[in-house]
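Asks:
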DNA sequence: AAATATATTGTAAAAAGTACAATAATAGTT
DNA sequence: AACTATTATTGTACTTTTTACAATATATTT
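Chains as they are written, first to last, in this note's numbering: chain P, 4 to 233; chain F, 4 to 233.
Right, here's the structure in full:
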């Protein structure tokens, strides 16, 4: 009972993107409203079957662009989910990616079969089709791990940000609280965010200094054997 | 120019396993000698196309068992590689796994189209077919990351081990050196390896105490919010 | 008994992490 | 102009962790 080679070439592969967005009100996830079967008229992760003649990474970017309008944003592969019956139309393996973006900069423009795209607070996610809730939980736990060891949190913030915004972002993602003084002491000691000399304006209180992420300084840290750990 | 649904169900999926084994002479990788096309008569990672009616995790275990004889060993998913032309027979996405085992306990029994299975020192890996060298490099870097934060190193050691063996294992995997006194102080402080009261015998020097990993104690550490970091 | 080989152990100094609250700077109000 | 409301900014003492470093112990072999 040997399989013929052709028996193996009968699977489909999809990509599912977990897009994390941040704004003052907290961390959010981007979902699309499905305008096509299966699971039409349900909110789901922006994901789709991919073509056999496009590289995996390119496919992930293309799927995201088509369904949400987002492009050129930070993406990283997570894991592949491959239970036999996870898709009603046949054997579909799905490769999950996570992406990070500052919500203000995210111009949503859903097309293809995505009727809508909207941000959902991380703790108000509805039941999702397929195994999307499982994928989402995995993505959340991975984001927590990775954001502590790589300078990817800056993808969630505007180019210029205050130390308070930076701290709020880390606190939202990690679901924890930091002491203001200790947080600043540590982050400034690491020396890969630099004071731009600019300040907030039009705020009804003492304006905060604006900082920016300095990738070169971070590289130097790494070259010197330092390991980031927030 | 819309794709028909059937156009998507034309991919194959494979699993490639990076099996790390440890013994006194250092860290090794398990390769098989391919007795089938493509790349017949070359050493490669133990991997194979998988059937569309078996779950992904089960497939990974089955592929490893068939090609090498190994079963019930520690496995964890890494990443999926999906360049268009990575496989000469068509579009094949491969999901990589890494596995850990103590070489002494590994009874190799290659079957199916694997003509041989053998351990290769981690720094003497030949050129491999497909993108297997790339997969291997990714696996090595992931092993280094994961072994520092999870108690998976014990999978590479016998049930009873000496502190020197434990240190050698970590040093081999992490390609670094630890101070003997500081290493012991730290590992004993963590308190999840316990002295069995037994000792080495038949060694031409002071015999070392034998320890074992204590999973319950480790669980307690975690529950108390401790984060392992070697 | 001596030689050989590896196992075992402690301490002081440096670095990093933690807990904690008063002062500063702006816009808006009186 | 003085005052209020609001958030930004900053330092120090204490605790914990990490680091650097070498002499003694216990088994086998000669």
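Every residue, glycine too, gets a C-beta built ideally from N, C-alpha and C.
What does the Cβ neighbour count give for residue 83 (chain P), buried or exposed, with the cut at 16 atoms within 10 Å?
Replies: Residue numbering aside, residue 83 (chain P) sits at position 80 when the first chain is read from its first letter. Answer is buried; the Cβ neighbour count reaches 16.
Asks: On a CA-only basis, which of P:200, P:104 and P:86 is nearest residue 20 (chain P)? Give me that one, please.
Replies: Position 17 of the first chain, counted from the start, is the residue given in the question as residue 20 (chain P). Considering only alpha carbons, the answer is P:104.
Asks: What runs of the alpha helix (DSSP H), each 4 residues or longer, lie entirely inside the segment 52-96 of chain P?
Replies: Correct list: 59-71.
Asks: Mapping the DSSP letters down to three states, classify residue 130 (chain F) as helix, strand or coil.
Replies: Here residue 130 (chain F) refers to the residue found at position 127 of the second chain. Coil at residue 130 (chain F), not helix or strand.
Asks: If I'm right that residue 118 (chain F) touches residue 50 (chain F) with Cβ under 8 Å, what's the distance once you round it to whole angstroms?
Replies: Reading the second chain from its first residue, position 115 is the one you call residue 118 (chain F). Reading the second chain from its first residue, position 47 is the one you call residue 50 (chain F). Actually they do not touch by this definition, with Cβ atoms about 15 Å apart.
Asks: Output needed in chain order: residues of the segment 13-45 of chain P with a Cβ under 7 Å from some Cβ in chain F.
Replies: Per Cβ criterion, the list reads 13, 14, 15 and 16.
Asks: Give a yes or no on whether the minimum CB-CB distance between residue 94 (chain F) and chain P is below 7 Å.
Replies: Here residue 94 (chain F) refers to the residue found at position 91 of the second chain. Closer than 7 Å to some Cβ of chain P, the Cβ of residue 94 (chain F) qualifies, so yes.
Asks: Which residues in chain P have a C-beta closer than 8 Å to the C-beta of residue 86 (chain F)? List them in chain order.
Replies: As a working note, residue 86 (chain F) is residue 83 in the second chain. Correct list: 58 and 59.
Asks: Reducing DSSP to helix, strand and coil, say where residue 156 (chain F) ends up.
Replies: Your numbering for residue 156 (chain F) matches position 153 in the second chain. Helix.
Asks: Counting contacts by CB-CB distance shorter than 7 Å, is residue 222 (chain F) in contact with chain P?
Replies: Here the question's residue 222 (chain F) lines up with position 219 in the second chain. So, not an interface residue.
Asks: Does the Cβ of residue 168 (chain F) have 16 or more other Cβ atoms within 10 Å, making it buried, or fewer, making it exposed?
Replies: Stepping through the second chain from its first residue, residue 168 (chain F) is reached at position 165. The residue in question, residue 168 (chain F), is buried, as its Cβ has 16 or more Cβ neighbours within 10 Å.
Asks: If we ignore side chains and look at the alpha-carbon of each, how far apart do residue 64 (chain P) and residue 76 (chain P) end up?
Replies: Within the first chain, numbered from 1, the residue matching residue 64 (chain P) stands at position 61. Within the first chain, numbered from 1, the residue matching residue 76 (chain P) stands at position 73. Their Cα atoms are separated by approximately 9 Å.
Asks: On the three-pair Cβ rule with 8 Å, is the segment 83-95 of chain P touching the segment 129-136 of chain P?
Replies: Touching, yes.
Asks: What is the DSSP secondary structure of residue 36 (chain P), reduced to helix, strand or coil?
Replies: What you label residue 36 (chain P) is simply residue 33 of the first chain in a count that begins at 1. Residue state, collapsed to three classes: strand.
Asks: How about residue 81 (chain P) and residue 101 (chain P): are their beta carbons less than 7 Å apart?
Replies: One-based indexing of the first chain puts residue 81 (chain P) at position 78. One-based indexing of the first chain puts residue 101 (chain P) at position 98. In this structure, residue 101 (chain P) lies closer than 7 Å to residue 81 (chain P) by Cβ.
Asks: Jot down the residue ranges of each uninterrupted beta strand (DSSP E) in the segment 198-223 of chain P, minimum 3 residues, whole runs only, in chain order.
Replies: Taking only runs of at least 3 residues, the beta strand (DSSP E) segments lying wholly in the segment 198-223 of chain P are 212-216.
Asks: Within the 7 Å Cβ cut-off, does residue 11 (chain F) reach chain P?
Replies: To locate residue 11 (chain F), count along the second chain from 1; it is residue 8. Output row for residue 11 (chain F): interface = yes.
Asks: Around the C-beta of residue 35 (chain F), are 16 or more other C-beta atoms found within 10 angstroms, so that it is buried, or is it exposed?
Replies: Here residue 35 (chain F) refers to the residue found at position 32 of the second chain. Counting Cβ neighbours within 10 Å, residue 35 (chain F) comes out buried, since at least 16 surround it.
Asks: With burial defined as no fewer than 16 other Cβ atoms inside 10 Å of the residue's Cβ, what is the status of residue 221 (chain F): buried or exposed?
Replies: The residue you call residue 221 (chain F) lines up with position 218 of the second chain. Under this definition residue 221 (chain F) is a buried residue.
Asks: Does any residue of chain F have a CB that is nearer than 7 Å to the CB of residue 179 (chain P)?
Replies: Residue numbering aside, residue 179 (chain P) sits at position 176 when the first chain is read from its first letter. Residue 179 (chain P) does not count as touching chain F.
Asks: Could you spell out the range, first to last residue, of the beta strand (DSSP E) harbouring residue 171 (chain P)?
Replies: For the purposes of this step, residue 171 (chain P) is identified with residue 168 of the first chain, where counting begins at 1. No beta strand (DSSP E) contains residue 171 (chain P), which is instead part of the alpha helix (DSSP H) from 166-177.
Asks: Quick one: list the residues of chain P neighbouring residue 83 (chain F), beta-carbon separation under 9 Å, in chain order.
Replies: Against the second chain, residue 83 (chain F) aligns to sequence position 80. The answer, in chain order, is 16, 59, 80, 82, 83, 96 and 98.
Asks: Which value, in whole angstroms, describes the spacing of the CA atoms of residue 202 (chain P) and residue 166 (chain P)?
Replies: Within the first chain, numbered from 1, the residue matching residue 202 (chain P) stands at position 199. Within the first chain, numbered from 1, the residue matching residue 166 (chain P) stands at position 163. Each residue's Cα considered, the two are about 11 Å apart.
Asks: Looking only at C-alpha atoms, which of P:78, P:192 and P:15 sits nearest to residue 10 (chain F)?
Replies: For this step, residue 10 (chain F) is matched to residue 7 along the second chain. When each option's Cα is compared against that of residue 10 (chain F), the closest is P:15.
Asks: If we cut at 7 Å on Cβ distances, does residue 139 (chain F) have a partner in chain P?
Replies: The count along the second chain starts at 1 and reaches residue 139 (chain F) at position 136. Judged by the 7 Å Cβ criterion, residue 139 (chain F) is not in contact with chain P.
Asks: Ignore the nearest five residues each way along the sequence and tell me which others in residue 112 (chain P)'s own chain have a CB closer than 6 Å to its CB.
Replies: For the purposes of this step, residue 112 (chain P) is taken as residue 109 along the first chain, with counting starting at 1. Only 72 meet the Cβ criterion.
Asks: For a quick check, are the C-beta atoms of residue 70 (chain P) and residue 115 (chain P) less than 7 Å apart?
Replies: On the first chain, position 67 is the one that residue 70 (chain P) refers to. On the first chain, position 112 is the one that residue 115 (chain P) refers to. Going by C-beta atoms, residue 70 (chain P) is nearer than 7 Å to residue 115 (chain P).
Asks: To the nearest angstrom, how far is the alpha carbon of residue 110 (chain P) from that of residue 66 (chain P)?
Replies: Taking the first chain and counting its residues from 1, one reaches residue 110 (chain P) at position 107. Taking the first chain and counting its residues from 1, one reaches residue 66 (chain P) at position 63. Near 16 Å, if we compare the C-alpha coordinates of residue 66 (chain P) and residue 110 (chain P).
Asks: What's the call for residue 12 (chain F), buried or exposed, on a 16-neighbour Cβ count within 10 Å?
Replies: Position 9 of the second chain, counted from the first residue, corresponds to residue 12 (chain F). Classification for residue 12 (chain F): buried.
Asks: Quick one: Cα of residue 173 (chain F) to Cα of residue 129 (chain F), how far?
Replies: The residue labelled residue 173 (chain F) in the question sits at position 170 within the second chain. The residue labelled residue 129 (chain F) in the question sits at position 126 within the second chain. Looking at the two C-alpha atoms, the distance is approximately 24 Å.
Asks: Using CA coordinates, which residue listed in F:209, F:154, F:40 and F:45 is at the minimum distance from residue 234 (chain F)?
Replies: The requested residue 234 (chain F) is not part of the displayed model; chain F covers only 4 to 233.
Asks: Tell me the rounded alpha-carbon separation between residue 164 (chain P) and residue 209 (chain P).
Replies: For the purposes of this step, residue 164 (chain P) is taken as residue 161 along the first chain, with counting starting at 1. For the purposes of this step, residue 209 (chain P) is taken as residue 206 along the first chain, with counting starting at 1. Straight-line Cα distance between these residues: approximately 15 Å.
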